[in-house]
Structure formats: structure tokens, C-alpha cells
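Novice:
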Amino acid sequence: MKHLLHILLLSLAIASCKKPEPCCPVDPVDPVDSTAQWTQYGSPFTSVPSPEEVVMYEVNPLVFSSTRDLQGVIGSLDEIKALGVNVVWLMPIYEMGEDRSVGSPYCISDYLQVNPSYGTLEDLRELVDSAHEKGMAVMLDWVANHTAWDHVWMSDRDYYVQENGVIIHPPGTNWQDVAELNYANAEMRAEMISAMKYWVLEANVDGFRCDYATGVPGWFWQEAIDSLRSIPNRDLIMFAESGDLTLLSKGFDMAFSWNYYGTLLNVFNNNGNARDLYTTHRSEFSSLAAGKTTVRFVTNHDQHAWDGTPQQLFGSQEAVMAAAASAFYMGGIPLMYNGQEIAVPYQLPFFVPTSVAINWSLNPTVRTQYEELLAAYHDYEFLRSSEIEKDYSTFALSAVEKIANGDTALVIINTRNELKALNLPANWQNRNVTDIFTQASVGLGSQLNLDPYEVRVLKR
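Its first residue numbered 26, the sequence shown is counted upward by one per residue in our numbering.
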């Protein structure tokens with residue numbers, strides 16, 4: 026039962042549940058002291074993409090290859106790059122705890138050690154070096170809210186929240202396998218920032234996806250991110266695992282777009298109103314400051330492991346591709362999860378032990394479809410832009426006009442498994458346009474028919 030509750034809580038996007046923060050401490054961490062013990066390995070990557078240019082790929086080393094280690098990832102970096110990816114996010118690669126463990130990689134016993142089953146620091150360096158050579162940045166998953174019960178910090182009980190002298194698990198959760206960290210303790214905060222800097226310097230990584238970001242005080246994130254960005258000659262990507270967009274004011278570049286994911290599921294799986302896709306997007310991006318963005322997806326490790334494959338959740342692979350086009354082309358950062366590009370038909374766990382691994386020989390045509398989807402994303406600025414000029418959507422069709430770099434485009438997605446027609450707006454009627462996928466000239470009339478789950482992007 027404990028394991029089941031743990032799983033259920035993970036799959037509920039707990040990022041939306043924010044606990045009260047303690048007051049900001051009067052003794053902030055000195056960012057200089059926390060780097061003194063680490064040295065720079067290699068040279069900082071000079072091609073880290075700006076937030077709005079990121080295309081992210083999440084790697085679960087436990088299932089990515091039959092060897093279940095970092096070396097198994099290194100050999101596939103060319104294939105990841107070929108998708109159009111420029112940022113690789115590695116799920117936790119740290120040494121896991123054993124005391125009270127349920128097998129979660131988010132239960133960490135030492136922030137400064139690579140999980141021996143995954144390899145060594147040298148293996149991680151090789152992975153980062155190879156990714157950099159191919160033009161891709163590498164992010165690590167960071168778990169700042171809690172540690173394993175046998176974490177090396179347990180020698181100082183004051184690092185942890187206690188009730189009546191007893192260290193507690195994270196409040197409001199059933200995560201019995203981990204212990205809640207005490208952010209009122211300045212020494213612990215300094216050690217946390219130092220550990221993050223260790224990987225930036227000693228492994229040359231390019232940022233962090235920060236797990237359960239709302240479980241940590243916002244003022245700490247500001248402190249930590251400011252300190253990380255003070256490292257010379259560094260461009261870092263900071264990604265909050267949360268739907269709480271206020272975290273972007275604390276230094277994060279991006280957060281999860283849980284609202285858009287929920288709207289996609291409702292539209293594609295519950296015959297919801299396709300107009301809600303634009304409404305959700307507008308509501309989300311209207312609150313964002315310049316340079317801040319959100320991450321759009323049709324699956325990630327939580328959804329895949331606990332809820333179902335994208336095909337199960339959206340109804341078919343054709344629906345998944347249409348939903349992915351909506352997620353990627355409305356605006357925000359496209360996120361791919363390993364195995365998504367071959368429509369792996371079984372769920373991918375991320376708790377140990379498991380005998381499941383991705384069979385990379387599956388569905389090569391699906392990979393080609395994703396490559397084409399993301400190639401267009403890179404080729405056309407209007408697809409990367411979050412700005413929507415006009416919305417022409419209907420109950421079944423998402424149809425938005427986007428303008429960028431002198432191009433005007435109409436992005437139309439049929440969210441239904443049946444033929445649908447769009448009555449074209451006057452400024453698109455009776456003219457020749459270009460289909461960006463085929464590069465063919467298309468003569469438009471007053472109406473455009475779309476096959477089930479068809480995606481059309483027309484440029485004039």
C-alpha cells in the first residue's frame with residue numbers, strides 16, 4: 026500500500042500543491058565559499074540554447090538501454106540529436122538510499138556520487154562531453170526537498186525538519202522513504218548549493234530540472250540560482266518541476282505546463298472544446314515575463330509509468346501525433362520522453378528493480394514523424410513563437426494564426442477521429458499558400474477539409 030500511495034502521489038502533479046514557506050533567513054549563503062572546493066572539468070559549453078529555443082529530451086537510464094547505465098545512453102546520442110533535440114535531461118543519476126527504500130531514484134543517499142549501477146563520474150563526463158560535441162546541453166535532475174534516510178547528511182540531524190525530536194517525511198505526502206530537509210539551517214543550504222555547483226564544475230553540466238520545486242522555499246531557489254549563475258562563463262538552464270509559474274520570478278527559466286497537458290487530454294480524450302487549447306495557452310503566457318517560458322508535453326516519466334502510454338491516454342498514435350503538434354506548435358518548449366519517438370507500447374517504470382527496457386527497433390515511421398515535426402519547429406520561427414495573432418478554432422479544430430520573421434502561418438489541427446472542415450477566414454480564402462511539410466503550393470478556397478487527426482501548417 027505504501028508503494029501504491031507513493032506512486033499515486035507522484036502521478037498527480039504535486040507541483041500544484043504548495044506548502045507554506047518559512048521566512049527568508051537573515052544569513053544568506055555566500056556563493057563564493059560554496060565553489061572553493063570544486064574545480065572546472067573541461068570547458069563550459071558555449072552553445073547552451075536560450076530558453077525559448079530549447080527542445081528537451083528526458084532520459085530514464087533505468088530503461089533506456091539493456092545495460093541500464095550511462096554508457097547505454099552515450100551510444101544513442103546521435104539518434105537523440107537527430108530528433109531535433111538540443112537539451113538532454115537525465116533523470117536522477119545519484120547514489121540511491123536503501124533504508125526504507127521503495128526503489129525510487131528520487132531517494133538520494135549522496136548528492137555527490139553517481140549511482141554505481143549507472144557508472145562513474147568519468148562515465149557522466151564522457152556523456153556530457155559527447156553531448157556537447159554534438160551541440161546538445163545536458164541537465165541533471167535535482168531533488169532538493171528531501172533525502173534518503175541513510176543520506177550522508179543524517180550525521181547532522183539539524184539538517185532535517187523534526188517534530189518532537191523525530192525527523193519527518195515530507196508533510197502532506199506519503200513519501201515514507203525520504204526525510205524532509207530543514208531550510209532554516211544555513212549550513213544545510215550552503216551544502217545544497219555547493220553540491221549543485223559540484224556537478225556544474227566537476228561534470229560540466231548545463232543546468233538542472235528541480236524536482237518538487239514548490240516543496241522548497243522560493244527564496245532559497247533565488248539564492249541558489251543566483252549563486253549558480255555567478256559561476257564565470259556559464260549559461261545555465263533552470264527548470265522548475267511545477268505548474269506554479271511564480272517560481273519563474275525566483276530565477277527559473279521554465280516550468281511545466283500542466284494546464285496545457287490537462288487541456289490536451291480533455292480535448293482529445295473527452296471530446297472537449299478545441300478552443301480551450303488557445304484559451305489555456307493565452308492564460309498561461311499572458312502572465313510570463315520576457316525570457317520565461319513553459320514546457321509542453323504529451324508524456325513524461327510520471328505519466329508514462331503511472332497513468333499509461335500516450336497511445337492509451339490519447340486513444341491512438343494518430344491522436345498522440347496531433348496532440349504533440351499542438352503541444353509543440355502553440356508555443357513553449359517541446360519535451361520528448363525516451364521511447365515516445367517509437368511509440369513504445371508498454372509503460373516504462375523508473376523505480377528499481379525492473380526488467381523493462383526500450384526496444385529501439387519498434388515503429389521507425391513514428392520516429393520519422395517526430396523528426397519532421399521538430400524539423401519544422403526549428404525551421405520556422407512562427408512555430409517556436411508563443412505569440413498568437415488570431416484564433417480561428419472551432420469545437421473540433423484548433424486553428425491559430427501566427428506571424429514571425431515576415432511569415433504568416435495558419436496552424437490547423439484536427440482533434441477528432443473524423444473528417445472536419447474549417448471555414449477559412451476571409452484573409453486566407455482564394456489564395457495560394459505553401460504547405461510547410463510538403464513544400465507544395467496549395468490553392469485555397471473558402472473551406473479546408475482535414476482528415477482525422479490531420480495537422481496542417483500553411484504559410485503565405
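C-beta: ideal position from N, C-alpha, C; glycine also.
(1) Just to check my reading of the structure: Leu146 and Val153 have Cβ atoms closer than 8 Å, yes? What is that Cβ distance to the nearest angstrom?
(2) Pick helix, strand or coil for Cys42, following the three-state DSSP scheme.
(3) Quick check on Gly243: does DSSP put it in helix, strand or coil?
(4) Leaving out five residues on either side along the sequence, give the residues of the same chain with a beta carbon under 7 Å from the beta carbon of Tyr136.
(5) Is the region 356–363 in contact with the region 78–90, if contact means three or more CB pairs nearer than 8 Å?
(6) Rank Arg214, Tyr417, Tyr143 and Asn229 by C-alpha distance to the C-alpha of Glu158 and give the top, closest one.
(7) What do you get for Ser91, buried or exposed, if any count of 16 or more other CB atoms within 10 angstroms of its CB means buried?
(8) If you reduce the DSSP assignment to three classes, tell me which class Thr288 lands in.
(9) Do the region 313–329 and the region 378–385 meet, that is, are 3 or more Cβ pairs less than 8 Å apart?
(10) Identify whether Arg321 lies in helix, strand or coil by the three-state DSSP scheme.
(11) Given a cut-off of 8 Å on the beta-carbon distance, is the pair Tyr208 and Pro242 in contact?
(12) With DSSP as the reference, identify every bridge partner of His194, one or two as the case may be.
(13) Is it buried or exposed for His444, if we count other Cβ within 10 angstroms and need 16 for buried?
(14) Just the Cα atoms here: how many angstroms apart are Asp148 and Tyr185?
(15) Decide if His171 is buried, meaning its Cβ has at least 16 other Cβ atoms within 10 Å, or exposed.
(16) According to DSSP, which residues form a beta bridge with Cys235?
(17) Exposed or buried, which one is Glu412 when buried takes at least 16 other CB atoms within 10 Å?
(18) Measure from the alpha carbon of Phe310 to the alpha carbon of each residue in Glu77, Ser68, Asp181 and Tyr405, then state which is nearest.
(19) Using C-beta distances below 6 Å, list every residue in its chain close to Val88, excluding the 5 sequence neighbours before and after it, in chain order.
(20) Taking Ala486 as the reference, give the member of Met279, Asn199, Gln96 and Met263 with the closest Cα.
Specialist: So, to answer that:
(1) That belief does not hold up - the Cβ atoms of Leu146 and Val153 are roughly 10 Å apart, past 8 Å.
(2) With a pLDDT of 41 at Cys42, under the threshold of 50, the modelled position of this residue cannot be trusted; read the value that follows with caution. Correct three-state label for Cys42: coil.
(3) The answer is helix: DSSP assigns Gly243 an H, G or I state.
(4) Only residues of its own chain outside the window of five on either side were considered, and among them Tyr119 and Ala220 have a CB closer than 7 Å to the CB of Tyr136, listed in chain order.
(5) Remark: three or more beta-carbon pairs, one from each stretch, lie closer than 8 Å, so the region 356–363 and the region 78–90 are flagged as touching.
(6) A check of alpha carbon separations from Glu158 across Arg214, Tyr417, Tyr143 and Asn229 identifies Asn229 as the nearest.
(7) Of the residues assessed, Ser91 falls on the exposed side of the cut-off, its CB having fewer than 16 other CB atoms within 10 angstroms.
(8) The answer is helix: DSSP assigns Thr288 an H, G or I state.
(9) As far as the Cβ criterion goes, the region 313–329 does not touch the region 378–385, which means the pair count is below three.
(10) Arg321 carries a strand assignment under DSSP once its states are collapsed to helix, strand and coil.
(11) Result yes, Cβ atoms of Tyr208 and Pro242 sit closer than 8 Å.
(12) Answer is none; His194 lacks a bridge partner.
(13) The sequence shown places Leu at residue 444, not His. Leu444 should be labelled exposed.
(14) If I take the Cα positions, the gap works out to 32 Å.
(15) Classification for His171: buried.
(16) Paired residues: Trp167 and Ala265.
(17) Exposed, because fewer than 16 other Cβ atoms sit within 10 Å of the Cβ of Glu412.
(18) Cα-wise, what sits closest to Phe310 is Glu77.
(19) Closer than 6 Å at the Cβ level, and outside the excluded window around Val88, lie Leu373, Val381, Ala382 and Ile383.
(20) As shown, the chain starts at 26 and ends at 485. That puts residue 486 outside it, with no answer to give.
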